[in-house]
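Engineer: Counting in numbering that gives the first Met the number 0, the sequence shown runs from 0 upward without gaps. First, the structure itself, so that you have it in front of you.
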Amino acid sequence: MNAPEDVLLVQRLLNANRHLMIGAREIAEDRVLDPKTIEVILKFQREVIRLKVPDGRIDPDGRTFQALVARPRAVAEPPAPAPTLIKVTSTLVFPLRKRPTASYKSGAREFGARRDGGKRRHAGCDLLASPGTPILAMDDGEVNADPYYFYSGTNALEIRHADGWIARYGEISGAAVGLKRGSQVKRGQVITYVGQLGSGRSMLHLEFYTGSGSGNLTVRGNRPFQRRSDLANPTEFLDAAVLA
């Protein structure tokens with residue numbers, strides 16, 4: 000697992016498992032497989048899964064990766080506060096130029112839909128659209144982080160909008176030219192484009208957060224949504240949003 004997005008996942012999992020290792024320090028989540036990252040991998044192999052010969056390697060189907068995924072510290076707060084906790088003082092723009100034919104409020108596309116036989120829940124709304132479809136900023140805001148790998152060959156872009164809430168625009172191809180962490184965006188501005196999953200399907204996966212939390216938005220150990228504790232349901236805001 001040496002690809003940058005794989006290294007980032009491993010770094011996040013190692014940080015989430017620090018409580019299992021004596022004196023383990025938080026490492027940078029920078030997508031670089033550096034000596035500090037390898038040192039913590041070796042520490043995890045020695046102290047947690049007790050490999051006889053720690054090798055610093057992590058394979059997708061290997062014992063180390065499976066243990067990292069299985070053991071992260073869970074977040075105690077409830078994962079999905081009521082969406083009314085989000086303060087919105089302006090009329091939001093719908094993130095696509097037209098509403099999708101398939102409803103984002105039913106089936107596997109809706110917020111809270113069951114995944115893996117009910118072991119986890121869908122953390123956003125899926126808006127089906129063709130690859131390359133422009134995605135619009137729902138309100139004024141600031142890019143919260145550089146675009147990063149999200150899921151099945153697609154990326155994500157986080158924007159902290161004017162009232163402090165955060166939207167994660169997921170399953171995208173990449174940010175519009177010039178957008179990076181700290182960039183300012185305007186309501187209705189094209190910020191990114193719909194990507195294409197490895198399965199061939201394409202959509203905007205949209206997640207909302209109240210902005211009251213801190214750290215990474217994805218928290219694998221925080222079931223059933225596997226997201227940060229300030230996750231919110233975007234449905235009513237999509238319903239009220241206007242087309243640009």
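From the three backbone atoms N, C-alpha and C, an ideal C-beta is built for every residue, glycine too.
Please say whether L203 and L91 have beta carbons closer to each other than 8 Å?
Structural biologist: Numbered from its first residue, the sequence shown carries residue 91 at position 92. Numbered from its first residue, the sequence shown carries residue 203 at position 204. No, they are not a contact pair.
Engineer: Taking only runs of the alpha helix (DSSP H) that begin and end inside the stretch 35-71, which ones reach a length of at least 4 residues, in chain order?
Structural biologist: Listed in chain order, the complete alpha helix (DSSP H) runs (minimum 4 residues) inside the stretch 35-71 are 62-69.
Engineer: Give the DSSP-derived three-state secondary structure of G210 in the structure shown.
Structural biologist: Residue numbering aside, residue 210 sits at position 211 when the sequence shown is read from its first letter. Looking at G210 - three-state DSSP - the assignment turns out to be coil, as it is neither helix nor strand.
Engineer: CB E38 to CB Q10, shorter than 8 Å?
Structural biologist: As a working mapping, residue 38 is identified with position 39 in the sequence shown. As a working mapping, residue 10 is identified with position 11 in the sequence shown. The answer is no: Cβ separation not under 8 Å.
Engineer: Enumerate in chain order the residues of its own chain whose CB-to-CB distance from Y150 is below 8 Å, with the five nearest sequence positions on each side excluded.
Structural biologist: One-based indexing of the sequence shown puts residue 150 at position 151. Here the set comprises G169, E170, L196 and H204.
Engineer: What does a CB cutoff of less than 8 Å around A243 pick up in its chain, not counting 5 residues either side in sequence?
Structural biologist: In the sequence shown, residue 243 corresponds to position 244, counting from 1. Excluding residues within five positions, the ones whose Cβ falls inside 8 Å are V92, F93, R96, L135 and G187.
Engineer: For R180, which residues in the same chain have their Cβ closer than 6 Å to its Cβ, ignoring the five residues on either side in sequence?
Structural biologist: In the sequence shown, counting from the first residue as 1, residue 180 sits at position 181. Only V142, A144 and D145 meet the Cβ criterion.
Engineer: For A122, which residues of its own chain have a beta-carbon under 8 Å away from its beta-carbon, when the five flanking residues on both sides are left out?
Structural biologist: Taking the sequence shown and counting its residues from 1, the one referred to as residue 122 is at position 123. Within the same chain, A122 has close Cβ partners F110, E206, F224, Q225, R226 and L230.
Engineer: For Q65, tell me which candidate among A23, D33, R108 and N16 has the shortest Cα-Cα distance.
Structural biologist: As a working note, residue 65 is residue 66 in the sequence shown. That would be N16, whose Cα lies nearest to the Cα of Q65.
Engineer: Tell me the DSSP secondary structure of L237 in three-state form.
Structural biologist: As a first step, residue 237 is located in the sequence shown; it is residue number 238 there, counting from the start. Helix.
Engineer: Looking at the structure shown, is A81 part of a helix, part of a strand, or coil, going by DSSP?
Structural biologist: In the sequence shown, the residue the question calls residue 81 occupies position 82. Its pLDDT being 42, under 50, A81 is placed unreliably by the model, and nothing is read from it.
Engineer: Distance check for R222 and K118, CA to CA, integer angstroms please.
Structural biologist: As a working mapping, residue 118 is identified with position 119 in the sequence shown. As a working mapping, residue 222 is identified with position 223 in the sequence shown. Looking at the two C-alpha atoms, the distance is approximately 8 Å.
Engineer: Out of A69, R167 and T132, point me to the one whose CA is closest to V189's CA.
Structural biologist: Mapped onto the sequence shown, residue 189 falls at position 190. Among A69, R167 and T132, the Cα nearest to that of V189 is on T132.
Engineer: Classify N14 as helix, strand or coil using the three-state DSSP reduction.
Structural biologist: The residue you call residue 14 lines up with position 15 of the sequence shown. Three-state DSSP puts N14 in a helix.
Engineer: Secondary structure at G187, three-state DSSP: helix, strand or coil?
Structural biologist: As a working note, residue 187 is residue 188 in the sequence shown. Here G187 sits in coil by DSSP.
Engineer: Helix, strand or coil: how does DSSP classify E141 here?
Structural biologist: Along the sequence shown, one-based indexing puts residue 141 at 142. Strand at E141.
Engineer: By how many angstroms is the C-alpha of N232 removed from the C-alpha of I21?
Structural biologist: Residue mapping note: residue 21 aligns to position 22 of the sequence shown, counting from 1. Residue mapping note: residue 232 aligns to position 233 of the sequence shown, counting from 1. Answer to the nearest angstrom: the Cα atoms are 38 Å apart.
Engineer: I need the boundaries of the beta strand (DSSP E) containing I26, first residue and last residue.
Structural biologist: Within the sequence shown, the letter at position 27 stands for residue 26. From DSSP, I26 is part of no beta strand (DSSP E); its letter is neither H nor E.
Engineer: Looking at the structure shown, is I165 part of a helix, part of a strand, or coil, going by DSSP?
Structural biologist: Along the sequence shown, one-based indexing puts residue 165 at 166. Of the three classes helix, strand and coil, the one that applies to I165 here is strand, per DSSP.
Engineer: Quick check on S129: buried or exposed, where buried means 16 or more other Cβ atoms within 10 Å of its Cβ?
Structural biologist: Along the sequence shown, one-based indexing puts residue 129 at 130. S129 is exposed by the Cβ-count criterion.
Engineer: Taking only the alpha-carbon atoms, compute the straight-line gap between P59 and E4 and give it to the nearest angstrom.
Structural biologist: Numbered from its first residue, the sequence shown carries residue 59 at position 60. Numbered from its first residue, the sequence shown carries residue 4 at position 5. Between P59 and E4, the C-alpha separation is close to 13 Å.
Engineer: Cutting at 6 Å between CB atoms, please list the residues of its own chain near L50, excluding the five before and the five after it.
Structural biologist: What you label residue 50 is simply residue 51 of the sequence shown in a count that begins at 1. Excluding sequence neighbours, L50 sits near Q44.
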